[in-house]
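Heads up, the thing below is written out as structure tokens.
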Amino acid sequence: MSRPMMPAPASRRAQRGLSVIGLLFWAIVVGALAVFAIKVYPSVQKYITTRQALDRVMRADPPPNSVPAIRTAFDRQRDIEYIQDMLRGADLEIEAVGSGFSVGFSYDDEVEIADPVYLLIKYRYTAPSTR
């Protein structure tokens, strides 16, 4: 008597899924990206807040008409936002352009990733002139 043939087991290529090593690899990658994003987020938020404050000053009605008025208005906006590590009005780069002013800022921010490793981010922005 001959035995009926058993079907061959499915080959490894036909199997799909994530191995434990693959799962650990992706967990490390996603975790490292999450830590990186968490460390960089405050710096980016500070830039966005500073940019919005400068835009509010330049869109004011009536807009500031002198360099000291722009600096004072920006400092007032800084006090409203309660951000003490934000740029001050004295740090703004202001120059006369036609009948208005070109106002902007630029600064460097270092973000510590791990003790000997820092990320240097250079921020620069110029507000659109309203005149």
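Numbering-wise, the sequence shown is residues 0 to 130 according to numbering that gives the first Met the number 0. Cβ coordinates follow ideal geometry from the N, Cα and C atoms, glycine included.
7 Å CB neighbourhood of residue i in its chain, flanking five on each side removed
i: Y106; result: L86, Y122
i: A126; result: L53, D54, M57, V102, G103
i: E80; result: T48, A52
i: Y46; result: Y122
Residue i - partner residues in DSSP beta bridges
i: G103; result: E92, T125
i: V110; result: L118
Three-state secondary structure assigned by DSSP to residue i
i: G16; result: coil
i: G21; result: helix
i: G97; result: coil
Own chain, CB closer than 6 Å to residue i, minus 5 neighbours either side, in chain order
i: T49; result: M85, L86
i: L118; result: V110, I112
Proximity below 8 Å, CB of residue i to CB of residue j
i: Q76; j: R58; result: no
i: A52; j: F35; result: no
i: S42; j: I93; result: no
i: S128; j: G88; result: no
i: V116; j: K38; result: no
Spatial neighbours of residue i in its chain, beta-carbon cut-off 8 Å, leaving aside the 5 residues before and after
i: L175; result: Nothing can be reported for residue 175, as the shown portion of the chain is limited to 0 through 130.
i: Y124; result: Y46, T49, R50, L53, G103, F104, S105
Within the region 32-94, note down every full alpha helix (DSSP H) run reaching 4 residues or more, in order along the chain. The DSSP assignment places complete alpha helix (DSSP H) segments of no fewer than 4 residues inside the region 32-94 at 66-80, in order along the chain.
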